[in-house]
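Engineer: In UniProt numbering, the protein residues as written are 1 to 191. Yeah, the Cβ is synthetic: ideal placement off N, Cα and C, and Gly gets one too.
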Ligand SMILES: CC(C)(COP(=O)(O)OP(=O)(O)OC[C@H]1O[C@@H](n2cnc3c(N)ncnc32)[C@H](O)[C@@H]1OP(=O)(O)O)[C@@H](O)C(=O)NCCC(=O)NCCS
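1. Taking 6 Å as the limit between beta carbons, can you name the residues of its chain near residue 28, skipping five residues before and five after?
2. Tell me, to the nearest whole angstrom, how far the beta carbon of residue 9 is from that of residue 140; I am working on the premise that it is less than 8 Å.
3. What are the start and end residues of the alpha helix (DSSP H) that includes residue 53?
4. Less than 8 Å separating the Cβ of residue 175 from some heavy atom of ligand 1?
5. Using DSSP bridges, identify the partner residues of residue 188.
6. Return the CA-CA distance between residue 81 and residue 6, expressed in angstroms with no decimal places.
7. With the cut-off set at 9 Å, would you say residue 76 and residue 171 are in Cβ contact?
8. Taking residue 85 as the reference, give the member of 72, 175, 23 with the closest Cα.
As structure tokens, this is what we get:
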């Protein structure tokens, strides 16, 4: 079936270039993951909150290395894009990512977690803002941000990064303690 509407983002727009390094504030960087980050990911997933909101664990270096390979494949296949959020001195604070990238419609969903010791200093919203600006620059039209209605910290990230609350998806995502309603936020490209 021939398309009547051209893709919002041309295929290859992401993967034809190396995944970029970006600044996310005076002391923050977004950079691609490296296999050497595996121990930090294992450490991050020891935190019960990280496990609770992601419904999975990463217990071993081998599992973390596999996850990093998945992040790298995501860029190559233009299906996801995942960055380590670090200080300019190199300390890894957490992860900020786009998943479910849909080039045809120019849509993607923002995802993130911060290491327990790095929380409460505004790093996640700064990372999400920088990532959003980059995404709009490459042609994304609409960014989704979904979180459990019980995850008040994540809701604050959405609010601080300017993602408007559009509604509640009822009983939408399974968690360890059952199905959660999800807040559906979104940010539209100003371009
Ligand atoms: C949600 C999360 C990414 C926020 O990251 P962050 O860099 O701490 O974001 P902020 O510093 O802007 O803080 C956001 C809110 O977290 C809460 N918070 C503040 N300090 C905190 C701390 N030390 N530990 C936990 N939560 C804290 C506050 O409610 C804060 O809102 P406020 O600024 O209005 O007080 C982080 O708490 C996290 O990784 N949680 C576990 C994983 C997760 O929930 N991922 C998102 C799934 S949708």
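Structural biologist: In brief:
1. 126
2. 7 Å
3. 48–54
4. no
5. Under the DSSP definition of a beta bridge, residue 188 partners with 142.
6. 22 Å
7. No, the Cβ-Cβ distance between residue 76 and residue 171 is not below 9 Å.
8. 23
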